[in-house]
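Worksheet: one structure, shown below.
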Ligand code: NAP
Ligand code: G3H
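Numbering (the numbering used here), first residue to last: 87 to 570.
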């Protein structure tokens with residue numbers, strides 16, 4: 087193959103610097119969740135090819151690790167410029183491949199370019215330390231440990247469908263600046279978009295073997311790669327189910343896992359309700375709720391609930407629903423299974439006594455934004471991650487109960503607290519068992535240099551530019567002993 091894909095939109099894998107078709111001839115056809123149209127075909131790679139890729143990765147990493155950091159950084163800057171130049175083309179592909187509305191698709195590409203540049207800058211400011219022996223009892227100033235960070239080797243980056251470009255780049259760039267080689271396994275639905283990111287990095291001048299790709303169904307090839315002895319680190323974003331499975335089989339390979347969430351917005355009685363409603367609707371419904379950080383439940387008291395419901399309803403009514411090309415906020419879900427699950431959660435809640443305020447309409451995989459009031463803890467929607475535009479409201483007697491229910495979730499990604507009382511906000515923030523508490527804001531990952539992490543079933547390890555570089559490098563200590 088001479089380029090990323092041929093005239094029939096059959097995409098290759100980047101293997102040792104060449105876009106390559108699988109010897110087996112097995113391909114997977116990617117169609118759009120928006121209208122079923124053809125997006126492209128990707129390779130379904132086999133085990134022997136994985137072995138070759140990992141072999142090339144070793145050689146590629148040896149060459150890449152010795153490239154000076156300022157040159158690595160310059161390459162990331164160049165890739166960022168290329169991505170920006172290609173924003174229109176790539177965002178159109180993204181929009182069709184995962185039915186993400188056009189505005190959000192453009193924003194994902196631009197955010198990724200910023201991420202590449204910020205990572206380059208962070209890489210350039212990496213420094214080692216010198217630790218004197220005299221600080222520890224019995225130690226001596228004649229002993230000094232000189233510590234710098236070195237790469238781990240080959241990083242396997244596994245990304246989910248909902249941010250194929252950004253959540254691939256947020257693994258690839260910090261791994262590369264740290265001197266690692268990377269093998270990207272993108273989500274199958276999202277692979278075409280992710281391969282365009284890889285092409286920009288290749289065109290920026292990445293040497294052969296520094297970045298390679300593996301496409302194919304995770305259920306078929308995933309276990310083989312994850313357990314391959316040539317993988318030195320696994321950086322995974324996706325569902326808790328697959329994350330747990332990977333952690334069970336990956337035996338001694340270090341992991342960074344960013345998994346599911348059930349982010350709660352706690353709305354206190356003194357909150358600015360109009361502001362909270364604006365934030366919550368944006369947080370819950372952008373990209374149809376298919377974000378790990380989407381607001382996935384509201385917990386509040388009777389005193390403000392009725393008023394809040396009215397405000398939420400009037401905003402939800404205004405959300406545009408339909409084709410991502412028409413800038414709709416609510417677009418078709420990634421597949422029929424996702425829509426089936428959304429319908430199941432809504433019907434279960436209504437059958438158990440929840441009040442449907444708006445929504446519960448489905449056309450194929452398009453699910454209309456749904457607000458459910460008076461949700462109780464016996465309903466599935468109180469605990470399950472819908473990954474669709476469904477927002478439940480759980481009414482409680484007080485904020486102690488709100489915190490208890492928020493913490494009863496198996497997940498622990500983020501929570502929001504809406505209040506004008508900063509002391510109360512801090513008291514509640516201290517008690518919430520999550521990676522991040524947002525005070526007076528919707529739950530969200532960015533800005534991308536902030537630490538981003540989940541606790542409990544939401545993950546393991548921390549992302550965010552500097553944190554990701556640290557996760558994918560290790561300290562190397564050389565101890566100097568000055569002899570008399
Ligand atoms: P997913 O089904 O878990 O898939 C994620 C990735 O894992 C895909 O590339 C998938 O490939 C691959 N995979 C599947 N089985 C595998 C195996 N046995 N070994 C190795 N890789 C395997 O998740 P998704 O549906 O794409 O994404 C939605 C989920 O991700 C939600 O739960 C969401 O909350 C979570 N998420 C979390 C964060 C975070 O930062 N916390 C961010 C975004 C999304 P295939 O596509 O080929 O199956
Ligand atoms: O889906 C999970 C993403 O990491 C969320 O990122 O808060 O910027 O949408 P976001």
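Glycine residues also receive a C-beta, built at the ideal position from the N, C-alpha and C atoms. Note that this is a predicted model, so its numbers are computed, not measured.
Could you check the C-alpha separation between residue i and residue j for me, to the nearest Å?
i, j, result
"residue 445", "residue 452", "12 Å"
"residue 102", "residue 292", "11 Å"
"residue 206", "residue 185", "30 Å"
"residue 316", "residue 477", "43 Å"
"residue 516", "residue 510", "10 Å"
"residue 399", "residue 88", "53 Å"
"residue 414", "residue 407", "5 Å"
"residue 325", "residue 345", "5 Å"
"residue 151", "residue 265", "4 Å"
"residue 424", "residue 214", "47 Å"
"residue 436", "residue 460", "10 Å"
"residue 492", "residue 347", "11 Å"
"residue 263", "residue 236", "11 Å"
"residue 227", "residue 233", "16 Å"
"residue 222", "residue 569", "19 Å"
"residue 195", "residue 555", "21 Å"
"residue 122", "residue 314", "35 Å"
"residue 470", "residue 242", "29 Å"
"residue 209", "residue 170", "21 Å"
"residue 529", "residue 298", "33 Å"
"residue 296", "residue 279", "20 Å"
"residue 486", "residue 320", "38 Å"
"residue 449", "residue 512", "43 Å"
Comparing alpha-carbon positions, which option in the options lies nearest residue i?
i, options, result
"residue 47", "570, 147, 527", "Residue 47 lies beyond the stretch modelled for the chain, which goes from 87 to 570, so this question has no answer here."
"residue 106", "301, 548, 414, 543", "301"
"residue 338", "211, 318, 281, 328", "318"
"residue 181", "124, 202, 432, 144", "124"
"residue 508", "523, 220, 477", "523"
"residue 531", "257, 500, 284, 485", "500"
"residue 468", "455, 440, 448", "440"
"residue 396", "443, 197, 249, 156", "443"
"residue 519", "151, 145, 538, 494", "494"
"residue 155", "144, 211, 120", "211"
"residue 428", "462, 502, 473", "473"
"residue 309", "485, 322, 297", "322"
"residue 216", "223, 281, 225, 231", "231"
"residue 458", "420, 410, 426, 382", "382"
"residue 462", "385, 220, 497, 544", "385"
"residue 99", "271, 248, 249", "271"
"residue 456", "465, 209, 433", "433"
"residue 355", "249, 488, 269, 170", "488"
"residue 189", "410, 114, 298", "410"
"residue 327", "91, 567, 542, 552", "542"
"residue 94", "104, 533, 115", "115"
"residue 559", "219, 311, 111, 342", "342"
"residue 158", "376, 258, 380", "258"
"residue 372", "483, 336, 418", "418"
"residue 197", "567, 535, 546", "535"
"residue 250", "224, 192, 403", "192"
"residue 109", "502, 135, 92", "135"
"residue 358", "273, 275, 503", "503"
"residue 367", "144, 401, 448", "401"
"residue 498", "546, 525, 483", "546"
"residue 561", "218, 153, 90, 238", "238"
"residue 274", "448, 133, 97, 454", "97"
"residue 91", "282, 340, 142, 260", "282"
"residue 336", "351, 349, 380, 311", "311"
"residue 387", "147, 505, 370, 178", "505"
Along the chain, which unbroken stretches of the beta strand (DSSP E) at least 3 residues long are found entirely within the segment 295-372? If you keep only unbroken beta strand (DSSP E) runs of at least 3 residues inside the segment 295-372, you get 297-299, 319-323, 341-344, 350-353.
Could you name each continuous alpha helix (DSSP H) segment of 4 residues or more that falls completely within the segment 162-239, going from the start of the chain to the end? Whole alpha helix (DSSP H) segments, 4+ residues: 173-184, 188-210.
Between the segment 327-338 and the segment 349-368, are three or more C-beta pairs nearer than 8 Å? No: the two stretches stay apart, fewer than three of their Cβ pairs being nearer than 8 Å.
Which runs of the beta strand (DSSP E) at least 3 residues long sit entirely within the segment 461-541? Give them in chain order. Segments of the beta strand (DSSP E) lying fully in the segment 461-541: 476-482, 500-504, 522-525.
Specify whether the segment 280-289 and the segment 303-311 touch according to this definition: at least 3 beta carbon pairs, one from each stretch, less than 8 Å apart. No: the two stretches stay apart, fewer than three of their Cβ pairs being nearer than 8 Å.
Would you call the segment 469-486 and the segment 388-398 touching, i.e. three or more CB-CB distances under 8 Å? Yes, the segment 469-486 is in contact with the segment 388-398.
Could you tell me whether the segment 148-163 touches the segment 192-204, using the rule of 3 or more Cβ pairs below 8 Å? Touching, yes, given that three or more Cβ pairs across the two stretches are closer than 8 Å.
Say whether the segment 244-263 touches the segment 125-136, bearing in mind that this needs 3 or more beta-carbon pairs closer than 8 Å, one atom from each stretch. Three or more Cβ pairs closer than 8 Å define a contact, and the segment 244-263 falls short of that threshold against the segment 125-136.
Entirely enclosed alpha helix (DSSP H) segments - the segment 412-469, minimum 4 residues: If only complete runs of 4 or more residues are kept, the segment 412-469 shows the alpha helix (DSSP H) at 422-437, in order along the chain.
Unbroken beta strand (DSSP E) runs of length 3 or more, entirely within the segment 109-158: which are they? For the segment 109-158, whole beta strand (DSSP E) runs of length 3 or above, ordered along the chain, are 113-117, 124-129.
Pick out the complete beta strand (DSSP E) segments inside the segment 378-418, 3 residues or longer, and give them in chain order. Segments of the beta strand (DSSP E) lying fully in the segment 378-418: 383-387.
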